[in-house]
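Trainee: Can you read through this structure? Questions will come right after.
Number of protein chains: 2
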Amino acid sequence: MSVHEHSHERDELTRNQGLVLDTLDDAKGPLSAYSILDRLRGEGFRAPLQVYRALDKLMEFGLVHRLESLNAFVACRQDECGAHGTIAFAICEKCGMVAEFTNDEVAHLLEDWARSEKFELAKTTIELRGLCEACTA
Amino acid sequence: MSVHEHSHERDELTRNQGLVLDTLDDAKGPLSAYSILDRLRGEGFRAPLQVYRALDKLMEFGLVHRLESLNAFVACRQDECGAHGTIAFAICEKCGMVAEFTNDEVAHLLEDWARSEKFELAKTTIELRGLCEACTA
DNA sequence: TGCCATACGTTATAGCATAACACAATTGAT
DNA sequence: ATCAATTGTGTTATGCTATAACGTATGGCA
Chain U
5 MSVHEHSHER
15 DELTRNQGLV
25 LDTLDDAKGP
35 LSAYSILDRL
45 RGEGFRAPLQ
55 VYRALDKLME
65 FGLVHRLESL
75 NAFVACRQDE
85 CGAHGTIAFA
95 ICEKCGMVAE
105 FTNDEVAHLL
115 EDWARSEKFE
125 LAKTTIELRG
135 LCEACTA
Chain B
5 MSVHEHSHER
15 DELTRNQGLV
25 LDTLDDAKGP
35 LSAYSILDRL
45 RGEGFRAPLQ
55 VYRALDKLME
65 FGLVHRLESL
75 NAFVACRQDE
85 CGAHGTIAFA
95 ICEKCGMVAE
105 FTNDEVAHLL
115 EDWARSEKFE
125 LAKTTIELRG
135 LCEACTA
């Protein structure tokens, strides 16, 4: 039983979207679009656009996130995917682990800044790079 | 008189580093490495690595920042460049304007999270995407 | 049934970044 | 002054990331 049964039901996804989401769900860490492509060649994928188009939709649904500092993608690991405006990531530069977390206080502070500057906020990216607990030892 | 007279003196930079920094200083907004390259062909630049190597050093000195969500670079506009651990950016998706700001409270909250998770924080990326005041009108 | 919106498949191309190698300039200790 | 180590440079080649532009297929719905 996957994490993604709730917000968008599995069967609302197209075949390509489902395959891409499964691939990300199965992966231990983030994947680049091209490595998703390679893992799906057996399913008939042949071109990057098949992956990118599915990813665009999955991100729109809030089921997948893009890690900007990595040019890679992860399946959302949170309950209530897509319910959160702002999600932060901690990325281990040694083992590739990605932790996903929310912090409403941070989100509000940034929203306050935006409001004070009359900046119409569409999306917030927060990415922490460093070493996870296991890798510092 | 440039913003960059203080932390690293201009003459501590190599010719290539100085040219790249000047280009970014003169630019209104962020530039990709390749557009920096094109602007410096007249100065003898011929290959991307000449730009990337200079950028790496300038980022190390804190004189230039990389915008992860744009794959582009900006000259630091703050006083005391490089003195700040965490800088946030607001990027207008219409006009390309970039505002650079710091918020110690946000930085501390993220540091607190890292500490509580025993995550050894090396670098924090915060990027706000949206529309600037001028472009919402 | 016919229309419209969305998804799909394919080819080609554009844009971003680094590997690997050779050479030059600088520093700095002996 | 010399040698060695480090840092910066120039160059070629290559790899990774992303999208444009075209046409076809599919599904919902008036």
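One line per chain: the protein sequences are U and B, in this order. Numbered by the numbering used here, the letters in the first sequence go through residues 5 to 141 in order. Numbered by the numbering used here, the letters in the second sequence go through residues 5 to 141 in order. For glycine and all other residues, C-beta sits at the position ideal for the given N, C-alpha and C.
Quick check on DSSP: helix, strand or coil for F65(B)?
Mentor: If you number the second sequence from 1, residue 65(B) lands on position 61. DSSP places F65(B) in helix when its eight states are reduced to three.
Trainee: Under 8 Å between beta-carbons, which chain B residues line up against F105(U)? List them in chain order, please.
Mentor: On the first sequence, position 101 is the one that residue 105(U) refers to. Neighbours of F105(U) on chain B, chain order: W117.
Trainee: So that I know if they touch, is there some Cβ in chain B lying closer than 9 Å to that of V7(U)?
Mentor: Taking the first sequence and counting its residues from 1, one reaches residue 7(U) at position 3. A caution first: V7(U) carries a pLDDT of 49, below 50, which makes its placement in the model unreliable, though a value can still be read off. Not closer than 9 Å to any Cβ of chain B, the Cβ of V7(U) fails to qualify, so no.
Trainee: With distances taken from CA atoms, which of V78(B), C99(B), S73(B), E47(B) is nearest G66(B)?
Mentor: Sequence index remark: in the second sequence, residue 66(B) carries index 62 (1-based). If we check each option's Cα against that of G66(B), V78(B) comes out closest.
Trainee: In chain order, which continuous runs of the beta strand (DSSP E) of length 3 or greater are located wholly inside the segment 108-139 of chain U?
Mentor: Those beta strand (DSSP E) runs which fall completely within the segment 108-139 of chain U and span 3+ residues are 124-135.
Trainee: Helix, strand or coil for L44(B) per DSSP?
Mentor: As a first step, residue 44(B) must be located in the second sequence, where it is residue number 40. Coil at L44(B), not helix or strand.
Trainee: So what does DSSP say about A79(U), is it helix, strand or coil?
Mentor: Mapped onto the first sequence, residue 79(U) falls at position 75. Three-state result, A79(U): strand.
Trainee: As a quick exercise: from R70(U), G22(U), R119(U), pick the residue whose alpha carbon is nearest that of L35(U).
Mentor: Translated into positions along the first sequence, residue 35(U) becomes position 31. Here the closest residue by C-alpha is R70(U).
Trainee: Please list the residues of the segment 16-42 of chain U that have a C-beta atom closer than 9 Å to any C-beta atom in chain B, keeping them in chain order.
Mentor: Cβ contacts with chain B come from no residue of the segment 16-42 of chain U.
Trainee: With a threshold of 16 other CB atoms inside 10 Å of the CB of R119(B), please say whether the residue is buried or exposed.
Mentor: Counting from 1 along the second sequence, the entry for residue 119(B) is found at position 115. Label assigned to R119(B): exposed.
Trainee: Consult DSSP for L35(U) and reduce its assignment to one of helix, strand or coil.
Mentor: In the first sequence, counting from the first residue as 1, residue 35(U) sits at position 31. If DSSP states are grouped into helix, strand and coil, L35(U) belongs with the strands.
Trainee: State the beta-bridge partners of A94(U) as determined by DSSP.
Mentor: Taking the first sequence and counting its residues from 1, one reaches residue 94(U) at position 90. Note: A94(U) sits in a beta bridge opposite A103(U), L132(U).
Trainee: Quick one: residues in its chain with C-beta nearer than 6 Å to the C-beta of R43(U), no 5 flanking neighbours on either side, listed in chain order?
Mentor: The residue you call residue 43(U) lines up with position 39 of the first sequence. The answer, listed in chain order, is T27.
Trainee: With 9 Å set as the bound, which would you pick, yes or no: does the beta-carbon of R45(U) sit closer than that to a beta-carbon of chain B?
Mentor: As a first step, residue 45(U) is located in the first sequence; it is residue number 41 there, counting from the start. No - not a single Cβ of chain B is within 9 Å of the one on R45(U).
Trainee: Answer yes or no: do A76(B) and E131(B) have a C-beta to C-beta separation smaller than 9 Å?
Mentor: In the second sequence, counting from the first residue as 1, residue 76(B) sits at position 72. In the second sequence, counting from the first residue as 1, residue 131(B) sits at position 127. The answer is no: Cβ separation not under 9 Å.
Trainee: Determine, using beta carbons only, whether A111(B) and A103(B) come nearer to each other than 9 Å.
Mentor: Indexing the second sequence from 1 puts residue 111(B) at position 107. Indexing the second sequence from 1 puts residue 103(B) at position 99. No, the pair does not count as a contact, with Cβ atoms beyond the cut-off.
Trainee: Just curious, the alpha helix (DSSP H) that R19(B) is in, first and last residue?
Mentor: In the second sequence, counting from the first residue as 1, residue 19(B) sits at position 15. From DSSP, the alpha helix (DSSP H) with R19(B) extends over 19-30.
Trainee: Is it buried or exposed for C99(B), if we count other Cβ within 10 angstroms and need 16 for buried?
Mentor: Taking the second sequence and counting its residues from 1, the one referred to as residue 99(B) is at position 95. Answer is exposed; the Cβ neighbour count stays below 16.
Trainee: Going by DSSP, which residues form a beta bridge with L71(U)?
Mentor: By one-based count along the first sequence, residue 71(U) stands at place 67. In the DSSP output, where bridge partners are listed per residue, L71(U) has A76(U).
Trainee: Looking at the structure shown, is A160(B) part of a helix, part of a strand, or coil, going by DSSP?
Mentor: Chain B is shown from 5 up to 141; residue 160(B) falls before or after that span and cannot be answered.
Trainee: For E124(U), which residues of its own chain have a beta-carbon under 8 Å away from its beta-carbon, when the five flanking residues on both sides are left out?
Mentor: For the purposes of this step, residue 124(U) is taken as the residue at position 120 of the first sequence. Excluding sequence neighbours, E124(U) sits near A118.
Trainee: Going by C-alpha to C-alpha distance, which of R133(U), G46(U), L41(U) sits closest to R57(U)?
Mentor: In the first sequence, the residue the question calls residue 57(U) occupies position 53. Looking at the Cα atoms, L41(U) is the closest of the given residues.
Trainee: Please name the residues in the segment 44-77 of chain B whose beta-carbon is closer than 7 Å to at least one beta-carbon of chain U, in chain order.
Mentor: Taking 7 Å as the Cβ-Cβ cut-off against chain U, the residues of the segment 44-77 of chain B that qualify are E72, S73.
Trainee: In chain U, which residues lie with their C-beta within 9 Å of the C-beta of R133(B)?
Mentor: On the second sequence, residue 133(B) is found 129 positions in, with the first residue counted as 1. Residues of chain U passing the Cβ test: L125, A126, K127, T128, T129.
Trainee: Using the beta-carbon of each residue, which ones in chain U are nearer than 8 Å to C99(B)?
Mentor: For the purposes of this step, residue 99(B) is identified with residue 95 of the second sequence, where counting begins at 1. Within 8 Å Cβ-Cβ: nothing; C99(B) doesn't reach chain U, min ~12 Å.
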